[in-house]
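To keep things clear, I will list the structure first and then write my remarks on it.
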Amino acid sequence: AGCGSSKTGTASAIAVDVQTKAKEIVTPYEGRPGAFPVTEKLSSPVPAGTRIAYIDNGNALVSLIFRLMQPAAAELGIDLYAVRAGTSASGVQAAFSTVVQQRPDAVINTAIDPALWDNQRRQLIAAKIPIVSLGTVAAASNGLVQPNGAAAFERQGRLQAAWLVANNDKSFEAVLYEHNELAYAAAVKKGFESELEELCPDCVVRVVQIPITEIGNKAPERIVSDLQAHPDTRGIVFQSSAAATGLPAKLKVAGLKDVQIVGANPLPTNLQYLKDKQSTVELGTDLNTLAWTAMDTAARLIVGQKLQENVDNGDALVHQFLRPEDITFDPTRGFSAYPDVADRFRALWNR
Amino acid sequence: MTSEQRRPLVRVDQLTKYFGNTCALDRVDLTVHAGEVLAVVGHNGSGKSTLVKLLAGFHTPDGGTIGLQGEAGPETELRFIHQDLGLVGSLSTVENLGLGSTSDGPPWRRLRKMAERLQADQLVAQFGVDFDVDALVQELSPAEQTIVAIARALRGWNEERDVVLVLDEPTAALHGAEVDRLMAVVRRVAERGAGVLFISHRLDEVLGVADTVVALRNGAVVGNLPCSETDYAGLVELVAGGVVEELQRRPAERGDVVLRVNALQGGVIRDFDVTVHAGEIVGVAGILGSGRDELCATIFGGRRRTRGTVRLRDNDLASGDLRQSIRRGAAFVPGDRHQHGAVMTMTATENLASVRVPGVEGRWRRVRKSHESREVAEWFAACGVVPARPEMQLSQFSGGNQQKVVLAKWLRTHPNLLLLEEPTQGVDVGAKAVIHQLIVRTANQGAAVLVASSEAKELAQLCDRVLVLADGVVVDEVAGQELTEARILHASVPA
Amino acid sequence: MPANSTGQTQRGWHGLLHSLAFHNISAVYIWVAMVVLFSLLVPETFPTVDTVRIVLADQALTAILAIGLVLPLAAGAFDLSIGSQLGLAAIVVAWMLSVQDLGLWISVLGTLAVGAAVGLINGLLIVKAKISSFITTLGMSSIILAGISWISHDAQILDLGADFQEIATHPIVGVPLSVYVMVVLAVCVWYVLDNTHLGRAVYATGGNAEAARLSGVRTGLVVVSCLVSCSLLASVAGILLSSSLATGDPTIGPGYMLPAFAAAFLGSTQFRNGRFNVLGTVVAVYVLATGVKGLQLAGAPVWIPELFNGVALLVAVAVNRRQGSARRARSARAATRVAAERAV
Amino acid sequence: MPANSTGQTQRGWHGLLHSLAFHNISAVYIWVAMVVLFSLLVPETFPTVDTVRIVLADQALTAILAIGLVLPLAAGAFDLSIGSQLGLAAIVVAWMLSVQDLGLWISVLGTLAVGAAVGLINGLLIVKAKISSFITTLGMSSIILAGISWISHDAQILDLGADFQEIATHPIVGVPLSVYVMVVLAVCVWYVLDNTHLGRAVYATGGNAEAARLSGVRTGLVVVSCLVSCSLLASVAGILLSSSLATGDPTIGPGYMLPAFAAAFLGSTQFRNGRFNVLGTVVAVYVLATGVKGLQLAGAPVWIPELFNGVALLVAVAVNRRQGSARRARSARAATRVAAERAV
Ligand SMILES: Nc1ncnc2c1ncn2[C@@H]1O[C@H](COP(=O)(O)OP(=O)(O)OP(=O)(O)O)[C@@H](O)[C@H]1O
Ligand SMILES: Nc1ncnc2c1ncn2[C@@H]1O[C@H](COP(=O)(O)OP(=O)(O)OP(=O)(O)O)[C@@H](O)[C@H]1O
Ligand SMILES: [Mg+2]
Ligand SMILES: [Mg+2]
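In the order they appear, the protein sequences are chains A, B, C and D. According to my numbering, the stretch in the first sequence is residues 946 to 1296, in order. According to my numbering, the stretch in the second sequence is residues 338 to 832, in order. According to my numbering, the stretch in the third sequence is residues 336 to 679, in order. According to my numbering, the stretch in the fourth sequence is residues 336 to 679, in order.
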């Protein structure tokens, strides 16, 4: 989906004021994280014996969040347990049916599309069991609480576009590798395209679909081919850096060096790549804070407290641009913008 | 033969084998000596193949022992030709000949492919035939496969080793001249000091080649005597447990023309015409490669015709449309039971009832199972299939009994035209007479019968006239007083 | 004839004993053991009507797919494309309903027609082009996945309408309609396979196609019809899936393939001495699902259900093999060998 | 013997012609056609050394896996667990290196040992417990996936060390080491299968296990060793994968299974008249990869490569079948009575 191939090859300079504007957008997130998402105190403690179910579909990110939530659950005295959903839709449904039966006090879902468990969602809502859903963009009418929803994803796209403009002198060609299968793809794409159009109308944007099933095996090959076929590409933007797993080795074989890689939602592997300077920048999302936020949100729903506006709007996500020098932490644990997240929440929870 | 020469090579002692409740072998004793051809005879399902498979280590015995140690010498080496030949169809002749031989060093040694091929050519040439040794064995005819199996058993044999050759019905698919050659080889092997254990239902072969005969009945030994002390009738009695009345067939009165084959061509067959009347039984003889083993399939429509017409009563049988052929009353018993005749993984009942006969189905096209089992029981009784357990998988029946089921499957359709290839292969003398009677009965009910057989004796007994094929054309027709075994054999061997 | 009737009774008695023998229905015994075990372990949630209802409903689609798979397997053909066919039907029906706005009935029938066409192509490639079923369906599944991606642009299709959702989810006695659909289809396939000549023809084709052909079975037709029926069942499952999800999802098909194969193969070791059969298959689906459900309710670690699936499959089959007499073991191996050969 | 030597020459000449016949190496012809086509379509990017290098490197793992798969397939056994075995090795080696800190060599050897053990279990279940290979490996793949999940806690494992990364990626003449590993393994497996008694025993076991056993082949041993070798090769692929990703990823194994099967089956239609063979398999891997690469470079829509994979598989095999049967029909007039058309 090239927006006018006539623009290719004729790179025009990016105006200084535009660059300044772009830098203004980017700078708050460079070297330091966005604002801490939760500020209001929890009104009353969670009743003893509270149980929260977590649906784990075996995806690396989903499992990581589960592990990050465990200390938060322990802090709140909540019994957090995982239910494994298989890779198929029936596995997901079976897992959610199990949860419906177990009648926990709340359910947390990460990234499993609500469309796949619509019946169970309705049953849960009918049973007045609150559902916190991370990384999904279902309509508000669905009754899901989505702390990082469409707003956060749109911001991701906008930030990635702005970073490219801020770090280039001339108009350039950029490619966004997206996964249409994930419902939030549209939000990222919208943010990215609109921001780039606004800042750099001369820039060329391609949006290329990477089938989600190819992540981990064929995706890097597809990306390398795409880059070979479009040798003018300067910026590579990922909707989700998972697709870049294995990419550095392939880029090396293909001799592709002169590209900027702007990832997002990095997995530990991507952080490792970044640390090894095999990637340019990652728009890190603080999953640790997100995990605590999710537990906090669930707790508020359980005790019946009103939610903060940013949580309700789906904007409660901490972003930070990570450069190689920012990876001073152990990539395995994921990026954590607020190492004192536990203390902060403990304070909010009166503990 | 002096007593020192009677060196025992294999000693079977009180050997017993059960399959579930079936006692396949019941305390069998026998000894194979060096230089001796020991024949094992017995009715179908008497345990002969089971004995062979126990010797081969394929089954483990439930009792008794098999002694392979000679007095002092090294362990006796056993070589086999199994009833279903034990060849790997998806490998070529060369590869089959080299299979499992331990004489070529460790398994990771490089193959000497050229030498192997030359040796294969030579081994095959010993039998006076010549076929492509690189072709897959499954593409060879049953007779050619038999030759491969024999060649493999004899490969690399010499007098220094104690060898016992075990042959389980090796001649079932062979024609007179080839049988003679095989018998000569067997004798030669024995004369050079090997032992031979030979199983056959062709009792005249047994008399011709064996030194000693062991008879089994229901898994137990009922006779063990030198060949010189018995004769054909004696053997028949040992096998069948009584006198078998061999078929004495008088030429029946001819009915209308049932089958008219015109200028048939296809495969090896170059030009074939025949007219068969109702009640007539016409035999087809010929050596390997004469087209004998393709004729019935070509007429039936199962093998491609390139030219010619086949007319059954008032209808033409089209090539390739087997359902039509069957509906018009044709029936075809193929020579290769395992590949073409039956579905071994299904039960005997299912095989027997596998040809659809109009009018036996209930409402909703339901198979009426009680009706069916009654019918199957009748056929089991008529053909003498043992054990009488039609719900057993066909592969668990002995070879001869499988053959009976395949025959019954087609006789059940009350055909107008009965096309038979080796109808009594592997069937014991008693059952053979029964089957011959069934064939005659079918003919007498107005069917035309065409029998292709490698057994001249059978043709002479059963047929009104015999067509002799060579190279795809009829070269001779034998009928009336001339119709004798010798005459057929004579005519079918090319000048 | 009194003799005859005694024989009949004896056979009946023997048959009953045989049918109840452990080796013949090992899965059922394992199932009973699991039900008892989990009822003791998680007495509040496991032995409830809810559990029964949920397990029934959750597995209905897998069961339909596995039942469909029994047909080509019995006829000696693999169908590795069932998973993607399910996905295709799920997407096509959603596309027709939502993008093309064709109305409920046209969409459903149209989807079934597409399914049948795919099955027909599979069948013709196997029978006419003489490509082995394994390769044919492997290749077809790639083509189908490409088709799904093309139709859906890899995105979910929403807005399928409330009527359509009723198809799978409308409850009767608390059990959703898809379960009844599954039962009806199971009975149909069982009747054809076990009680008609056509069923015999199918098994004969699977056992020895050449011999079947020479007995007047139109083996080509049999194989083609089995593949078409299988595709139809996969399409039904796909339609029900879209209906129960209220979404056409482009990624969900392939995940259904292995469970269906596991069920069909496990099922073949039950009831019918190594023959692929419908009853065994349905039982297998629910035995595996019951175990997984129980383990989930008992709060086992996430990887335990997957482990259970594998171990249960192996144990059920191994027990069946060990207890069965040697002859049966051999024949079953022969059957798989045939299948393997035909695959080549 | 002059007569004999003439025969020999004739056979050699005939053999050469036969080897070059279209039906026998259809994939090679398709490959050449594609190279020409794409060189014309995308002349700047397709016919370059870079492309060669990239395609070689990209497919080395799939090729290793497919070569491994040839062994059990030739012996008549399916191994549906290769994908998950690859995943297991990838995780185990990462776990040993990073979590257990066992050092490069111990980790690699340990992983190979684990792989061999899995293969041994597969083999023993097939041979001793007499479970069909299809079920065994289906069940095992569930168990292995559970194991992966247990070892890795479903998380990626990092910090594998720079040395380890070199194993797969160290370039020699611009081509990474994994390609050379693949070539060496291919030659080894080819030698064993095509030039030794052992290889013949493998094919015999695959063709007719009972007959092979009756002719003195220790079929059990053959099947077990084939499965063990296959597992070893899958483990090598897994180690190389972790090395080239610089990560142990718990989710990637299963995606490699179908491509390996497609390559092995397509390969079986090349060079050796329907027999599974190494050369054909490697060629098949690269033919499919070349097409996909060309299409991607030519900017085809996302779903086209998948479509291509399916269509190429079917076309290559169908062409082989058609031409093959035509040739066989023609040679029917030959003096030998090779049952030309296997009509009966
Ligand atoms: N695998 C098996 N399972 C069950 N029963 C078997 C099996 N093999 C053989 N039998 C039974 O053992 C008995 C002896 O069979 P066997 O094959 O030894 O007979 P045979 O003497 O070779 O007969 P034929 O002359 O017909 O070949 C038969 O009743 C047969 O049904
Ligand atoms: N001998 C047989 N054994 C088992 N099944 C058979 C046999 N012959 C045919 N069939 C199968 O039964 C199915 C139904 O056949 P059906 O009798 O309806 O065909 P038909 O052409 O209508 O025959 P007819 O006109 O004789 O009734 C077909 O698919 C066919 O393959
Ligand atoms: Mg026998
Ligand atoms: Mg016999």
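Quick reminder that beta carbons are idealized off the backbone N, C-alpha and C, glycines included. Please read all numbers here as calculations on a predicted model, not as lab measurements.
Chain B places no beta carbon closer than 9 Å to that of asparagine 612 of chain D, leaving this residue out of the contacts.
At a cut-off of 9 Å, the C-beta of asparagine 644 of chain D has a neighbouring C-beta in chain C.
Going by DSSP, glutamine 1101 of chain A is part of the alpha helix (DSSP H) stretching over 1095-1111. Measuring C-alpha to C-alpha distances from glycine 783 of chain B to each of B:His751, B:Asp469, B:Ile403 identifies B:His751 as the nearest. At a cut-off of 8 Å, the beta-carbon of leucine 355 of chain D does not count as near ligand 1: no heavy atom of the ligand is closer than that. Around the beta carbon of valine 1226 of chain A, 16 or more other beta carbons sit within 10 angstroms, so the residue counts as buried. With a beta-carbon spacing of about 12 Å, threonine 1230 of chain A and proline 1092 of chain A fall beyond the 8 Å limit used to define contacts.
Looking at the DSSP output, lysine 354 of chain B sits in a beta bridge with B:Leu362.
The beta-carbon distance between glycine 493 of chain B and leucine 549 of chain D, rounded to whole angstroms, is 18 Å. This is too long to meet the 8 Å contact definition. Residue contact check for glutamate 379 of chain C against chain D: no CB pair falls below 9 Å. For the segment 1035-1047 of chain A, the set of residues with a beta-carbon nearer than 8 Å to any beta-carbon of chain C comprises Ser1035, Gly1036, Gln1038, Ala1039, Ala1040, Ser1042, Thr1043, Val1045, Gln1046, Gln1047, in chain order.
Shown here, histidine 1264 of chain A sits in a strand according to DSSP, grouped into three states. CA-to-CA, the gap between valine 527 of chain D and phenylalanine 381 of chain D works out to about 36 Å. Excluding sequence positions up to five before and after valine 1204 of chain A, its CB lies within less than 6 Å of the CB of Ile1181, all in the same chain and listed in chain order. Below the 8 Å Cβ cutoff, chain C contributes Asn543, Ala546 as neighbours of alanine 679 of chain B, in chain order.
In its chain, beyond the 5 residues on either side, Val431, Val470 have a beta carbon closer than 7 Å to the beta carbon of arginine 454 of chain B.
Lysine 465 of chain D has a beta carbon lying within less than 9 Å of a beta carbon in chain C. For glutamine 631 of chain C, the C-beta contacts it makes with chain A under 8 Å involve Val1028, Arg1029, Ala1039, Ala1040, Thr1043, in order along the chain. Contact between leucine 689 of chain B and arginine 665 of chain B fails: their C-beta atoms lie close to 21 Å from each other, not under 8 Å. In this structure, the alpha-carbon of threonine 612 of chain B lies about 22 Å from that of tryptophan 747 of chain B.
Between ligand 1 and the CB of valine 384 of chain C, the shortest heavy atom gap is not smaller than 8 Å. Under the three-state reduction of DSSP, glycine 474 of chain D is assigned to helix.
With 16 or more neighbouring CB atoms inside 10 Å of its own CB, leucine 1069 of chain A falls in the buried class. Between the alpha carbons of threonine 413 of chain B and arginine 553 of chain D lies a gap of roughly 19 Å. Within chain A, Thr1190, Gly1191, Ala1194, Thr1214 have C-beta atoms less than 8 Å from the C-beta of leucine 580 of chain D, given in sequence order. By the Cβ rule, the segment 565-575 of chain D counts as touching the segment 401-413 of chain D, because three or more pairs are nearer than 8 Å. Going by DSSP, alanine 816 of chain B is part of no alpha helix (DSSP H) but of the beta strand (DSSP E) stretching over 810-816. Judged by their CB atoms, valine 788 of chain B and threonine 779 of chain B are not nearer to each other than the 9 Å cut-off. Its Cα nearest to that of leucine 1144 of chain A, the residue A:Lys1115 stands out among A:Ile1155, A:Lys1115, A:Arg1151.
Assigned with DSSP and collapsed to three states, glycine 532 of chain B falls in strand. Within the model, the alpha-carbon separation for phenylalanine 395 of chain B versus threonine 387 of chain B is close to 9 Å.
A heavy atom of ligand 1 is found nearer than 8 Å to the CB of serine 383 of chain B.
Every unbroken stretch of the beta strand (DSSP E) spanning 3 or more residues and falling wholly within the segment 1106-1186 of chain A is given here in chain order: 1118-1123, 1149-1154, 1178-1183. Between serine 374 of chain D and the set D:Trp638, D:Ile502, D:Thr625, D:Val510, the nearest pair of CA atoms involves D:Thr625. Between the alpha carbons of leucine 511 of chain B and glycine 426 of chain B lies a gap of roughly 19 Å. Distances from the CB of threonine 359 of chain B to the heavy atoms of ligand 1 include at least one below 8 Å.
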